[in-house]
Structure formats: C-alpha cells, structure tokens
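*Asks:* The structure under discussion is supplied below as structure tokens; questions concerning it will follow.
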Amino acid sequence: MANSVASGRGRNGPWLQNQWLRIETRQDDASIAPVALAGDFRPTERAMMSAQPADAPPIVAERAEYDVQPYADELGEGKRLTLIARVARRGVTLRREVVLYDAYPFAVTRVGLKNESAAPLPLDGLYVFTTGEGRGRLRLSSKPDDWRIYRHGWQSWSPTMSLGGGEVDVRSRPPVLSPEEPPDKPGQFASDDVGALYDPASGRSLLAGAVTAREALTQVYVDAPSRALDVRCLFDGATVLPQQTVWSERVAIDLVGRPNDQLARYAEALGLLMGARVPATTPAGWCSWYYFYQDVTEDDVMRNLRFIEQHRRELPIDTVQIDDGYQADIGDWLIVNEKFPRGMDWLASEIKRAGYTPGIWLAPFLIAESSRAFAEHPEFVVRDEHGEPALATENWQRRNYGIDGSLPEARAWLRDLFRSVCDGWGYDYVKIDFLFAAALRGGRHDADATRVRAYREALAAVREGTGDGRFILGCGSLMAPSVGFFDGNRVGLDVGPWWRYLTTAERAGPKPRFRKPDDQLSAETAIRNSLNRTWMHGRLWANDPDCLLVRTDRTKLTIDETQTLASVIGLSAGMMLSSDDLDKLPPERLDLISMLLPVLPHAARALDLIERDMPERYEAVFERDFDHARINGVFNFGDDAQDLRLDLPDGRWHAFELWGERYLGIAEGSVEFLLVPPHGCRVVALRPAGDQPQLIATTGHIGMGVLDITGQAWDEEGRRLVLDIAPVGRRSRVVYVSGGGLAVLSAMLDGAPIRFEPRPDHVRIEAAIDAAARLVVTFG
Numbered sequence: 008m009a010n011s012v013a014s015g016r017g018r019n020g021p022w023l024q025n026q027w028l029r030i031e032t033r034q035d036d037a038s039i040a041p042v043a044l045a046g047d048f049r050p051t052e053r054a055m056m057s058a059q060p061a062d063a064p065p066i067v068a069e070r071a072e073y074d075v076q077p078y079a080d081e082l083g084e085g086k087r088l089t090l091i092a093r094v095a096r097r098g099v100t101l102r103r104e105v106v107l108y109d110a111y112p113f114a115v116t117r118v119g120l121k122n123e124s125a126a127p128l129p130l131d132g133l134y135v136f137t138t139g140e141g142r143g144r145l146r147l148s149s150k151p152d153d154w155r156i157y158r159h160g161w162q163s164w165s166p167t168m169s170l171g172g173g174e175v176d177v178r179s180r181p182p183v184l185s186p187e188e189p190p191d192k193p194g195q196f197a198s199d200d201v202g203a204l205y206d207p208a209s210g211r212s213l214l215a216g217a218v219t220a221r222e223a224l225t226q227v228y229v230d231a232p233s234r235a236l237d238v239r240c241l242f243d244g245a246t247v248l249p250q251q252t253v254w255s256e257r258v259a260i261d262l263v264g265r266p267n268d269q270l271a272r273y274a275e276a277l278g279l280l281m282g283a284r285v286p287a288t289t290p291a292g293w294c295s296w297y298y299f300y301q302d303v304t305e306d307d308v309m310r311n312l313r314f315i316e317q318h319r320r321e322l323p324i325d326t327v328q329i330d331d332g333y334q335a336d337i338g339d340w341l342i343v344n345e346k347f348p349r350g351m352d353w354l355a356s357e358i359k360r361a362g363y364t365p366g367i368w369l370a371p372f373l374i375a376e377s378s379r380a381f382a383e384h385p386e387f388v389v390r391d392e393h394g395e396p397a398l399a400t401e402n403w404q405r406r407n408y409g410i411d412g413s414l415p416e417a418r419a420w421l422r423d424l425f426r427s428v429c430d431g432w433g434y435d436y437v438k439i440d441f442l443f444a445a446a447l448r449g450g451r452h453d454a455d456a457t458r459v460r461a462y463r464e465a466l467a468a469v470r471e472g473t474g475d476g477r478f479i480l481g482c483g484s485l486m487a488p489s490v491g492f493f494d495g496n497r498v499g500l501d502v503g504p505w506w507r508y509l510t511t512a513e514r515a516g517p518k519p520r521f522r523k524p525d526d527q528l529s530a531e532t533a534i535r536n537s538l539n540r541t542w543m544h545g546r547l548w549a550n551d552p553d554c555l556l557v558r559t560d561r562t563k564l565t566i567d568e569t570q571t572l573a574s575v576i577g578l579s580a581g582m583m584l585s586s587d588d589l590d591k592l593p594p595e596r597l598d599l600i601s602m603l604l605p606v607l608p609h610a611a612r613a614l615d616l617i618e619r620d621m622p623e624r625y626e627a628v629f630e631r632d633f634d635h636a637r638i639n640g641v642f643n644f645g646d647d648a649q650d651l652r653l654d655l656p657d658g659r660w661h662a663f664e665l666w667g668e669r670y671l672g673i674a675e676g677s678v679e680f681l682l683v684p685p686h687g688c689r690v691v692a693l694r695p696a697g698d699q700p701q702l703i704a705t706t707g708h709i710g711m712g713v714l715d716i717t718g719q720a721w722d723e724e725g726r727r728l729v730l731d732i733a734p735v736g737r738r739s740r741v742v743y744v745s746g747g748g749l750a751v752l753s754a755m756l757d758g759a760p761i762r763f764e765p766r767p768d769h770v771r772i773e774a775a776i777d778a779a780a781r782l783v784v785t786f787g
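Under the numbering used here, the first residue of the sequence shown carries the number 8, and numbering increases by one thereafter.
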C-alpha cells in the first residue's frame, strides 16, 4: 500500500517512515531521532533510553543490534523496530521498541530491561525518551523562556494548564495533588501522563504521553534552560528478578500539528489501548453536595426529588446522586446515620419509582482512623517507612489512610461493599472519590507492586462488585491509569460558590492572580481544568466538569460568574449535575439549568489552550446537512472589565450573542464586545450568511439551535422557511430568523398564528415549546 510504513537502513542505523513521520536511529548508542516530514522538524538528534536502579548509577544503553517486523494492535497496522543493547558489565539487556503506524502521525515507543544477573535488581524507573547534552539537546527556534509547556496533573484535582518556559511549575503538594515533589526552579516542569512543548517562533509542537498506564506512573519532565525533555516511567523500587524482563509503559511521540490536535490523537490512542468506556449518552442529574454538604438529610433528598418529578419539562435529567453525608464514618459505608431513618435501599427505590437512576457517593479507598473498618481491618491500609498507617488526607476532622489494593482480603472487602450498595441497596450509579489514596507511596502486602498496579487492582475490585452494566464516576482519581474502569471522570478540582478562594491576608490586600498552590476549591479552579482537559471527553470517558451552581442564596458568585460557569459546563458537553436546593431557585435561574439540557453532542475545543493558563476562546463546530453552526465562548478571566474580540473564520457570518440576547448582524473578520465584566463571558452562535431566509439562533438552549432545531428547509416557490423544533432547553424561547432581504408576512406554529416582531434585518419570534413542533415563516 502507498501509505504503509517503510523501513530501511541509513548510515548510522535503521529507520522507519510513514507519510508524516520518520524515525531515525543510531546503533552506536541506541538513540532515536523523530522527524516530522512536513518542514523537516527535528527537535532532537539523539533521544536516549536508560534505566535507573535503586541506589545505583543509571544504566545507559550501548551499541545495539536491531530487528524490524510487521506489527498490528488496536491502533492498526504498521512496523516495529527493536533495538537490543546488551550492557554486560551491568548484567542487563536494554531493549527499545518503536512502532510506526500506517494511519497515525505519531510513533509509539517503550523500553524494556532484562535482568541477566543472578541477583535481584530494585528498579526506580525506566527512561523512555531522554534528550541529553550537545547534539541531544532540544533544537527549537524560540528562546527557552518563550517556550510554552502544557503540564498535566496526575489526578482529577491536580492543576492542569500551560505555562511559559521561564515560569516556575505549580506547587501541587504530594500525595494529594502530585505523586512526587514538583520542581522548584524556573523553567523546570513535571507533567503526569502527558506533556506538550510548544515553540511559538516556528508554531511546532512536541507531545509525549503514555498511551498505556498499567504498571508505572509516567512523567514528562521539561528543563527549558537546559533544553532537555525526559519521559520517565516510575517503578517505585520494584524488584526485577533474575532473567525477568520489565517493560515501561508505551509512550507516544507526536510532532505533527498543534497541541489541541496532538492531545486529541493522544486520547484516542490511550482510549483504544486501555479499553476506554465511553457512555452512549452523557448523564445529567442532581447532586446533594454543594448546597447541603454533609448536613444532607433524607428529607432534603426527597424534597428535591419531588421537585424534579414535578418539573420534568424544565429538568429532563436522568440521575439523582446522594453525596457525602449518609454514612456513619469514612470506611463504614454500610452503616447509615440517623439522618436517613428509612435507609439507603428505601431511598434508592423511591428514586427509581420516580423514574430516575439512583446514584450514591463513596470514598472507598479511604479508611478513617475512627472507623469500625479500621478497627477491624488495620491490615487493609498502606504503611509508611515506620510501619505506621500512611496518611492520605486529613479531612472530616480526622486522619484517613489509603487502602492497599495489593492485599487480596482488601480487594474482597471492596467487591463485597459494592455488591451490597448496587445489588443490595439498588444503586445503579456510584461516584467514587478520593481515589488517589490507593496510589500512596508506602509499604504494601505485595512489596513489588507499583503504585499504579495496586491502584488498578483496587479499581478492578470495585468494577467487579459494581457490575459491568452500572455507571462509575471517578473523582480524585489518577487519570491515565483509570481508563477502562470509569464511565465518567471528574477533570478538575471541586467547584465552589465563589469565584476564587482567598486567604485572610489576600482579602485585606490586592487580589492575586491565582497560581500556587492549586488546592483550593472555587469556580475558577474548576473552570481552568475543565477547559484544559476538554480533549478527554468522548475519548476516555464522559468528562465531569463538576456541578452547576445557579442559586441566589449561599453564594458569592455574580450573575456574570454564574453564566461563565454555565457556559463552560454547557460547551464542554460533559456531565451536567445541578447542585442547588431546587425549590428555592427563581424561575430565571431554573432556566439556566434547562438551557444546558440535554448536553451537547460533542465538546468545544479550547482554541488557545497552549497560549495561556486559562484558555479564553472555546469553540464547538456542528455540521448538519441543513445547518452549519459554530458556538463560541469568549471569556474575560481577568479581575477588571475589558474588551473582548472574537476572530471569525473567512466569510460572512450571522452572529448572535446568547446571554445579552443580541443579534449582531452579518459580521466579517471579527466581532467586538466592549467592557465585558470581570469573570464574564459572551457566548456567540455563528452561521454562514446566505442570500435567502435562514435560522440565526434560538435562545432556549446553549447550542442556540444545534439541538432544538431538528430540521430547516427553504421553500422558494412558496417563500416559506420551515423549521422543525424539538422540546429541549427551556420552554419559552425566541427564534431569530434572517429575512434575506424579504419582508415577513406571517409566522405559524403547528398551523396556528404566533407572535412575531419584524426588524430591519431579521425577525424575532417568541415561542413556547412543550412538544415537537413546526414553525413556518412566510415572506413576501
């Protein structure tokens, strides 16, 4: 085939090549050099491999033999090149495999170590792609201070953003927000699972990311001043027995396109190789946490359930999730406290009787020091270097320890727990939280179990107890190692009913631009990660951007901040969970929830993801035979009002802004928004402007016609525009239609006259939609 992978041997060693990428090698040091064929982008001439034993110098590959074979896996067909370097003086053999695929513009590589000696070898890590000094240094056009680095956090709450090459990495404290102490020097960054390095001068980008995550934590280290990049797989001192071979995770190296495209390809590969579970429909529901917190009662849940039942039209949700507050203690999940007198099984049956999926929260990998579970099973928890229980987190005014997933009895306890919750109580949706606790450093029953292996063994026990057909929502979870277990996953820190958390000292002085540490819940921190992890949605799981808060009591969010939170959640196409006391909401705030239901069919992209820590331009493109729409969010994340500009694609566009309900006319080049309030946004629908009457937008849903307009046709002979409307979003809406230079004569909804307001360049039509309907607008 013309596009199949080719191979050959050059002056220094063998090579592989597909239509996008060439992988050159050197046999004298077993290094590789990836080259993007378009523009001959060669970021390094020598990327090395090595092994790091515990308490011993690194093992560096020497002269290598090689082999090339056809190859196929879940990503398709290609070729695999293997470099074999025997390091006899250290008693090991290092192997590097490089796979190039016919259909993907990236290479996938991994490193293996075989212990050829007679003694066990404790292993700290395998270095898969290491740029060194001299000819191995990164060769980019920009100065290192000008580089942009996409750094990804190890779990749901960990800061994920883009930083400049001269900045200091985010101080995210281990073990909660990072697995290791982060670098503390300017220009040094540690990114978990995946990282991207962008060169502004050339517009080139290098992405490196683990596309498997079954045994080792993978970290991408960037040292901008040294022009160096390392991809490290951490094995936590696990023992490699004589004649045993240990492999790193598989790592994708992508040089083609910009980071947004590369991250999408990375997620696709990770999802395919790890067996991602992506639900056919993204759940929407109500959650008890952000209004009632731990004080939630059975009556609170039932009151909101009855409200949801009575407002099915306004709230077409599927799930009612009971969060933290029902259990006797952390670890004592099956002992229900006095606030739920009729029990959790009765509550699940009531939720089902109302026609909804019952959901429940647990933190199954935490066991509190005060719990009956710990008193009865102290052996279930990970131990520190002194043999004491390893602290995972201090929360709920007590110390909480992490479960040892390598212990068979602990796994059996997890399986039985979830069988009781799901098969016994009747919950078909479980939210499992604080999951990083199973990946603590420390002593385990299996001394050679890596943190990732123990974590995944614990997750496997949960999935087995839950059952394959039920929905699992992860939270506080490792990211890549969780793929294949979850249906949905939280992608950011908890939201809060305030924009930014401030300390007492910060409240007294100038408000800081948020940076470090990223461990305080707020709307801002939740939004930042949601924007920067959009690429996961629909490829790894359904993203959970956390809950929508629209209330007017118990909140410090302004209306602009509330609309910004709603806009990010809605355009993310992720899970949409409301978390207010619903019967206290004014009608216009209830409309904000309705406008996000159902969720959009696919997520927007953060177009300026690599350019700033909080992307300010979010776009979703929807192409249907009868409607081509671009839905854009432009954001002012600053603390002062400022002008915003939306740059438009080439051509003429009908532009409509949602929150201000303004038709902006036919625009070319750009649209300006003056003095957008602090933390505010503008959400804009763009449709190509034609010469005949057409839909401009609707105000019932954040998609502005993407979901609620199901058909559009222009009848030239009868001069009629026919729009089919679905009952999604809020009931009352306005339909905006362009006249194409014609005067409107009438508007009929299902054959009955409906009020319309002709304007110089468009028509404004008010409609209340409770069922599928047809709107016919006739022109003269």
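Virtual Cβ for every residue (Gly too), placed ideally from N, Cα, C. These figures come from a predicted structure and were not determined experimentally.
Per DSSP, what kind of secondary structure is V75 in: helix, strand or coil?
*Replies:* In the sequence shown, the residue the question calls residue 75 occupies position 68. Three-state DSSP puts V75 in a strand.
*Asks:* Please give the ranges of any beta strand (DSSP E) in the segment 104-167, keeping only runs that are unbroken, at least 3 residues long and fully inside the region.
*Replies:* Runs found: 113-122, 128-138 and 155-158.
*Asks:* Report all residues from its chain with a CB closer than 6 angstroms to the CB of L92; omit the five preceding and five following residues, and keep chain order.
*Replies:* For the purposes of this step, residue 92 is identified with residue 85 of the sequence shown, where counting begins at 1. First, the amino acid is wrong: residue 92 is Ala here, not Leu. Cβ neighbours of A92 beyond the five flanking positions: A37, A68, E69, A71 and L101.
*Asks:* Tell me, please, whether the segment 254-263 touches the segment 220-236 by the rule of three or more beta-carbon pairs shorter than 8 angstroms.
*Replies:* Yes, the segment 254-263 is in contact with the segment 220-236.
*Asks:* Can you tell me the Cα-Cα spacing of P524 and R265, whole angstroms?
*Replies:* One-based indexing of the sequence shown puts residue 524 at position 517. One-based indexing of the sequence shown puts residue 265 at position 258. Unreliable placement is indicated for P524, whose pLDDT of 48 sits below 50; the coordinate value is still reported in the next sentence. Answer to the nearest angstrom: the Cα atoms are 28 angstroms apart.
*Asks:* How is Q250 classed by DSSP in three states: helix, strand or coil?
*Replies:* Mapped onto the sequence shown, residue 250 falls at position 243. Three-state DSSP puts Q250 in coil, outside helix and strand.
*Asks:* Mind checking which residues open and close the alpha helix (DSSP H) that includes R418?
*Replies:* The count along the sequence shown starts at 1 and reaches residue 418 at position 411. P415 to R426 is the extent of the alpha helix (DSSP H) around R418.
*Asks:* Take G244 and list the residues in its own chain whose beta-carbon comes closer than 8 angstroms to its own, dropping the five residues that flank it on each side.
*Replies:* Sequence index remark: in the sequence shown, residue 244 carries index 237 (1-based). Within the same chain, G244 has close Cβ partners A61, P129, L130 and D131.
*Asks:* Taking 7 angstroms as the limit between beta carbons, can you name the residues of its chain near I260, skipping five residues before and five after?
*Replies:* Here residue 260 refers to the residue found at position 253 of the sequence shown. Only P41, F113, A114, T116, F136 and A215 meet the Cβ criterion.
*Asks:* Does the Cβ of F521 have 16 or more other Cβ atoms within 10 Å, making it buried, or fewer, making it exposed?
*Replies:* Residue numbering aside, residue 521 sits at position 514 when the sequence shown is read from its first letter. Since pLDDT at F521 reaches only 48, below the 50 mark, its modelled position is unreliable, and no value is offered.
*Asks:* Give every residue of the same chain whose Cβ lies closer than 7 angstroms to the Cβ of P348, excluding the five residues on either side of it in the sequence, and list them in chain order.
*Replies:* As a first step, residue 348 is located in the sequence shown; it is residue number 341 there, counting from the start. E305.
*Asks:* Do D731 and M168 have their C-beta atoms within less than 9 angstroms of each other?
*Replies:* Stepping through the sequence shown from its first residue, residue 731 is reached at position 724. Stepping through the sequence shown from its first residue, residue 168 is reached at position 161. Their beta carbons are not under 9 angstroms apart, which means D731 does not touch M168 by this criterion.
*Asks:* Going along the chain, which unbroken runs of the alpha helix (DSSP H) with 4 or more residues stay wholly within the segment 189-226?
*Replies:* For the segment 189-226, not a single whole alpha helix (DSSP H) run of length 4 or above is found.
*Asks:* Considering only the beta carbon of each residue, do F663 and Y670 sit closer than 9 angstroms?
*Replies:* In the sequence shown, counting from the first residue as 1, residue 663 sits at position 656. In the sequence shown, counting from the first residue as 1, residue 670 sits at position 663. Closer than 9 angstroms, so yes.
*Asks:* Report the three-state DSSP secondary structure of P385 (helix, strand or coil).
*Replies:* Walking along the sequence shown from the start, residue 385 turns up at place 378. Helix.
*Asks:* When the Cα of D331 is compared with those of R313, R535, V308 and L322, which residue comes out closest?
*Replies:* For this step, residue 331 is matched to residue 324 along the sequence shown. Closest option to D331, Cα to Cα, is V308.
*Asks:* Quick test of your reading: G710 and I638, contact by CB under 8 angstroms. State the CB separation rounded to the nearest angstrom.
*Replies:* Counting from 1 along the sequence shown, the entry for residue 710 is found at position 703. Counting from 1 along the sequence shown, the entry for residue 638 is found at position 631. Going by Cβ atoms, the distance from G710 to I638 rounds to 6 angstroms, so yes, they are a contact pair.
*Asks:* Using only CA atoms, which one of E275, Q719 and R737 lies nearest to P594?
*Replies:* Start at 1 with the first residue of the sequence shown, and residue 594 comes out as number 587. That would be R737, whose Cα lies nearest to the Cα of P594.
*Asks:* Could you give the DSSP three-state label for D560: helix, strand or coil?
*Replies:* In the sequence shown, residue 560 corresponds to position 553, counting from 1. Coil at D560, not helix or strand.
*Asks:* Just to confirm the assignment, what range does the alpha helix (DSSP H) spanning I534 have?
*Replies:* Within the sequence shown, residue 534 is the residue found at index 527, counting from 1. Element bounds for I534: A530 to N539.
*Asks:* Could you tell me how far apart the beta carbons of G338 and I367 are, in whole angstroms, since I believe they sit closer than 8 angstroms?
*Replies:* To locate residue 338, count along the sequence shown from 1; it is residue 331. To locate residue 367, count along the sequence shown from 1; it is residue 360. Not confirmed; about 15 angstroms, so no contact.
*Asks:* So which of V575, A203 and T705 has the shortest CA-CA distance to F642?
*Replies:* Here residue 642 is taken as the residue at index 635 of the sequence shown, counted from 1. Per the Cα distances, V575.
*Asks:* Which one or two residues does DSSP pair with K86 in a beta bridge?
*Replies:* Here residue 86 refers to the residue found at position 79 of the sequence shown. Answer is P77 and L107, bridged to K86.
*Asks:* Quick check: what's the CA-CA separation for G481 versus S163?
*Replies:* Mapped onto the sequence shown, residue 481 falls at position 474. Mapped onto the sequence shown, residue 163 falls at position 156. When rounded, the distance between both Cα atoms is 9 angstroms.
*Asks:* Is the Cβ-Cβ distance between R379 and D336 less than 9 angstroms?
*Replies:* For the purposes of this step, residue 379 is taken as residue 372 along the sequence shown, with counting starting at 1. For the purposes of this step, residue 336 is taken as residue 329 along the sequence shown, with counting starting at 1. Closer than 9 angstroms, so yes.
*Asks:* Can you round the beta-carbon distance between A573 and L614 to whole angstroms, since I take them to be within the 8 angstroms contact cut?
*Replies:* Residue 573 sits at position 566 when you count from the first residue of the sequence shown. Residue 614 sits at position 607 when you count from the first residue of the sequence shown. The pair is not a contact, with the Cβ atoms about 20 angstroms apart (cut-off 8 angstroms).
*Asks:* By alpha-carbon positions, which one of H544, V238 and C554 ends up nearest to T789?
*Replies:* For the chain, the structure presents residues 8 to 787; residue 789 sits outside this window and is missing.
*Asks:* Since G139 and M55 are thought to touch, with beta carbons under 8 angstroms apart, how far apart are those beta carbons, to the nearest angstrom?
*Replies:* Within the sequence shown, residue 139 is the residue found at index 132, counting from 1. Within the sequence shown, residue 55 is the residue found at index 48, counting from 1. About 6 angstroms separates the two Cβ atoms, so the contact holds.
*Asks:* In three-state terms, what does DSSP make of T457?
*Replies:* The residue given as residue 457 occupies position 450 in the sequence shown. In the structure shown, T457 sits in coil (DSSP, three-state: anything other than H, G, I, E or B).
*Asks:* T289 and G495: beta carbons closer than 9 angstroms?
*Replies:* As a first step, residue 289 is located in the sequence shown; it is residue number 282 there, counting from the start. As a first step, residue 495 is located in the sequence shown; it is residue number 488 there, counting from the start. Contact: yes.
*Asks:* Is it buried or exposed for S537, if we count other Cβ within 10 angstroms and need 16 for buried?
*Replies:* Walking along the sequence shown from the start, residue 537 turns up at place 530. The residue is buried, with at least 16 neighbouring Cβ atoms inside 10 Å.
*Asks:* Going by alpha carbons, who is nearest to W432 out of I329, R239 and A696?
*Replies:* Here residue 432 refers to the residue found at position 425 of the sequence shown. The candidate whose alpha carbon is nearest that of W432 is I329.
*Asks:* Have a look at E401 and N407 and give me their C-alpha separation to the nearest angstrom.
*Replies:* If you number the sequence shown from 1, residue 401 lands on position 394. If you number the sequence shown from 1, residue 407 lands on position 400. Those two C-alpha atoms are separated by around 6 angstroms.
*Asks:* H635 bridges to which residues according to DSSP?
*Replies:* Taking the first residue of the sequence shown as position 1, residue 635 is located at position 628. DSSP lists E630 as partners of H635.
*Asks:* Pick out the complete beta strand (DSSP E) segments inside the segment 600-676, 3 residues or longer, and give them in chain order.
*Replies:* DSSP runs (the beta strand (DSSP E)) wholly in the segment 600-676: 624-631, 634-642, 649-654, 660-664 and 669-674.
*Asks:* Would you tell me roughly how many angstroms separate the C-alpha atoms of V678 and P656, rounded to the nearest one?
*Replies:* By one-based count along the sequence shown, residue 678 stands at place 671. By one-based count along the sequence shown, residue 656 stands at place 649. Their Cα atoms are separated by approximately 11 angstroms.
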